[in-house]
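Count the sequence shown with the numbering used here and you get residues 4 to 211, in order.
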Amino acid sequence: MGLLDQEDVTLVAVSKTKPKAMIQDLYDQGQRIFGENRVPELVDKAATLPEDIEWHMIGHLQRNKVRDIVPFVSMIHSVDSIRLLRKINAEAEAAGRTVDILLQFHIATEDSKYGLTDQDIDEVMAIVADADHVCARGVMGMATFTDDKEQVRKEFRKLKAIYDRLLLDYDMPSTFDTVSMGMSGDYELAIEEGSTMVRLGSLLFGAR
Ligand SMILES: *Cc1c(COP(=O)(O)O)cnc(C)c1O
Numbered sequence: 004m005g006l007l008d009q010e011d012v013t014l015v016a017v018s019k020t021k022p023k024a025m026i027q028d029l030y031d032q033g034q035r036i037f038g039e040n041r042v043p044e045l046v047d048k049a050a051t052l053p054e055d056i057e058w059h060m061i062g063h064l065q066r067n068k069v070r071d072i073v074p075f076v077s078m079i080h081s082v083d084s085i086r087l088l089r090k091i092n093a094e095a096e097a098a099g100r101t102v103d104i105l106l107q108f109h110i111a112t113e114d115s116k117y118g119l120t121d122q123d124i125d126e127v128m129a130i131v132a133d134a135d136h137v138c139a140r141g142v143m144g145m146a147t148f149t150d151d152k153e154q155v156r157k158e159f160r161k162l163k164a165i166y167d168r169l170l171l172d173y174d175m176p177s178t179f180d181t182v183s184m185g186m187s188g189d190y191e192l193a194i195e196e197g198s199t200m201v202r203l204g205s206l207l208f209g210a211r
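Structure follows, in structure tokens:
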């Protein structure tokens, strides 16, 4: 793509609100992973665009919409509650598959951002260990929307520290390999702080 030189960082092209023709264009240039944040839009795009696209759900997911995406979604980044985690496991079992998920942690100072907190970790990891139809692949987080680079760096560092701690304390397998952090405005910082997966929208597709 030219944007990312680091070959060990996976690029999720965030195509929310963008027309299918733009996704097809990027697909034709070789991109295969696309991220969406709304279920109806994701379902519609997945039904008509090439079958080998790996669709990532990156936005807050309501439990009553889980069933709509579980049959085809490649990864859910936004597992931000214990109830949602249980629901995804149940729906994946019903659909006869295992779904890759990321545990979304609240790292920003803003109240509005969803996510798990330190207090949830024990319970979440107990469910992850038991749940046969989700595969926990790592963590995801969004930094505060601010120009203060040190603040953003601190938050990314916190997410990486949570990841490292989970890996160690819960003896996670080598498939627990993903730290999804970094968007158009802060992805370089995120990579410096250990991101393995960045989610870029406006940088690839233009402003929304
Ligand atoms: C929209 C969105 C992005 C991409 O944002 P850009 O600033 O356009 O790169 C990344 N992650 C999530 C969760 C989003 O909702």
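Glycine included, C-beta positions come from ideal geometry on N, C-alpha and C.
Below 7 Å CB to CB, which residues in the same chain sit around H80 once its five sequence neighbours on both sides are set aside?
Residue numbering aside, residue 80 sits at position 77 when the sequence shown is read from its first letter. So the list reads H59, M60, I61, L105, Q107, M143 and S183, once near-sequence residues are dropped.
If you count every other CB in all the chains shown that lies within 10 Å of the CB of K152, and 16 or more means buried, which is it?
Against the sequence shown, residue 152 aligns to sequence position 149. Exposed, since its Cβ has fewer than 16 Cβ neighbours within 10 Å.
So, are the CB atoms of D55 and R41 less than 8 Å apart?
Against the sequence shown, residue 55 aligns to sequence position 52. Against the sequence shown, residue 41 aligns to sequence position 38. In this structure, R41 does not lie closer than 8 Å to D55 by Cβ.
Starting from D103, follow its DSSP beta bridges and name the residues at the other end.
Within the sequence shown, the letter at position 100 stands for residue 103. The partner list for D103 (beta bridge, DSSP) reads M78 and C138.
Endpoints, the alpha helix (DSSP H) within which F159 is located
Here residue 159 refers to the residue found at position 156 when the sequence shown is read from its first residue. Bounds of the alpha helix (DSSP H) holding F159 are K152 to D172.
Output the boundary residues of the beta strand (DSSP E) element that contains M200.
For the purposes of this step, residue 200 is taken as residue 197 along the sequence shown, with counting starting at 1. For M200, the uninterrupted beta strand (DSSP E) run begins and ends at M200 to L203, by DSSP.
What I want to know is whether the C-beta of S187 ends up closer than 7 Å to one or more non-hydrogen atoms of ligand 1.
Within the sequence shown, numbered from 1, the residue matching residue 187 stands at position 184. Yes.
Rounded Cβ spacing between L207 and A24 (contact assumed at less than 8 Å)
In the sequence shown, residue 207 corresponds to position 204, counting from 1. In the sequence shown, residue 24 corresponds to position 21, counting from 1. Actually they are not in contact, since the Cβ atoms of L207 and A24 sit about 14 Å apart, beyond 8 Å.
Cβ pair V12, T199 closer than 8 Å:
Along the sequence shown, read from residue 1 onward, the residue named residue 12 stands at position 9. Along the sequence shown, read from residue 1 onward, the residue named residue 199 stands at position 196. Yes, they are a contact pair.
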